[in-house]
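Visitor:
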Amino acid sequence: MAKPGERKLQILQTLAEMLENPKGEKITTAALAAKLDCSEAALYRHFASKAQMFEGLIEFIESSLFSVINQVQAEETDGIKQIEHIVALLLRFAQKNRGMTRVLIGEALVNENERLQARINALLEKVEAALKQSLRVASTQERVDANLDVGAMANVLVSYAIGRWQAYAKSGFVREPLAQWPQQWPMLAVAILASRSA
1 MAKPGERKLQ ILQTLAEMLE NPKGEKITTA ALAAKLDCSE AALYRHFASK
51 AQMFEGLIEF IESSLFSVIN QVQAEETDGI KQIEHIVALL LRFAQKNRGM
101 TRVLIGEALV NENERLQARI NALLEKVEAA LKQSLRVAST QERVDANLDV
151 GAMANVLVSY AIGRWQAYAK SGFVREPLAQ WPQQWPMLAV AILASRSA
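In terms of full-length UniProt numbering, the sequence shown has 108 at position 108, counting the first letter as 1, and numbering is strictly consecutive.
Structural data, given as structure tokens:
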């Protein structure tokens, strides 16, 4: 028999897999229990509510993203390269984790507890703060204009990633977030660096 920690993980993995369905039907605990071949009561032995299951997914997203973001900012000295790595990470994570993409854009959270969307909003604010930090590094390295509005630029970059996630989910996971990244990053970089000569 699976240990409690393993069973919890199995429940979260199954929930994430169910979220990968491009049709995006509402997931019920009954459907989740059926997929796991257990009773709904068995699910509630591990999670107090469905909202708690979604919180588990959000915690996974947060730890996955920030372990890499922190590593990038610790190891990469070039502020512009930090930004490139962070935005590419946001796209790559979504491409590899379809179900999590639907959580990130809030689509899977419709009709769920409102605190879940608040947690996603807080996560995105943290990503934006990390990008601001990298933009400030680029500014101290004189790669961007000292007067660049780092808050506005960080918001543009996060909005770009969210747009790519949306297109991916709404296309039934056909339009991959990284598909045009090699062409789009230079365009974003020009926008960041353009303020230098403006």
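Cβ coordinates follow ideal geometry from the N, Cα and C atoms, glycine included.
Fully enclosed by the stretch 127-180, which alpha helix (DSSP H) runs are 4 residues long or longer?
Guide: Listed in chain order, the complete alpha helix (DSSP H) runs (minimum 4 residues) inside the stretch 127-180 are 150-170.
Visitor: In terms of alpha-carbon separation, which member of Ser67, Asn113 and Ala108 lies closest to Lys126?
Guide: Residue Ser67 is the option with its Cα nearest to Lys126.
Visitor: Are Glu62 and Trp185 closer than 8 angstroms when you measure CB to CB?
Guide: Not in contact: Glu62 and Trp185 (Cβ atoms no closer than 8 angstroms).
Visitor: Should Glu114 go down as buried or exposed, given a rule of 16 or more other Cβ atoms within 10 Å for buried?
Guide: Exposed.
Visitor: Using alpha carbons as the reference points, say which of Leu89, Asn111 and Ala31 lies closest to Leu15.
Guide: Nearest option by C-alpha distance: Ala31.
Visitor: Can you tell which of Gln13, Pro22, Gln10 and Leu65 has the C-alpha that lies nearest to the C-alpha of Ala169?
Guide: When only C-alpha atoms are compared, the closest one is Pro22.
Visitor: Near Met100, what residues of its chain come up, given a Cβ to Cβ distance below 8 angstroms and the 5 sequence neighbours on each side ignored?
Guide: Excluding sequence neighbours, Met100 sits near Ala16, Leu19, Leu57, Phe60, Ile61, Phe93 and Ala94.
Visitor: If you draw a straight line from the alpha carbon of Gly5 to that of Asn97, how long is it in whole angstroms?
Guide: The alpha-carbon atoms of Gly5 and Asn97 are separated by roughly 21 angstroms.
Visitor: Go ahead and label Lys50 buried or exposed: buried means 16 or more other beta carbons lie within 10 angstroms of its beta carbon, across all protein chains shown.
Guide: Buried, because 16 or more other Cβ atoms sit within 10 Å of the Cβ of Lys50.
Visitor: Is it right to say Met187 is buried, meaning 16 or more other beta carbons lie within 10 angstroms of its own, or is it exposed?
Guide: Met187 comes out exposed.
Visitor: Locate the alpha helix (DSSP H) running through Val103, then write down its first and last residues.
Guide: Segment Arg98 to Leu104, the alpha helix (DSSP H) holding Val103.
Visitor: Applying the 10 Å Cβ sphere with the 16-neighbour rule, what's the burial state of residue 216?
Guide: This structure gives no information on residue 216, because the portion of the chain shown stretches from 1 to 198.
Visitor: Going by other Cβ atoms of all chains shown within 10 Å of its Cβ, with 16 needed for buried, is residue 215 buried or exposed?
Guide: Because the chain spans 1 through 198 in this model, residue 215 falls outside it and cannot be assessed.
Visitor: Output the distance between the C-alpha atoms of Cys38 and Glu176, rounded to the nearest integer angstrom.
Guide: Each residue's alpha carbon lies about 34 angstroms from the other.
Visitor: Taking 8 angstroms as the cut-off, decide whether the C-beta atoms of Phe54 and Ile11 are in contact.
Guide: Not in contact: Phe54 and Ile11 (Cβ atoms no closer than 8 angstroms).
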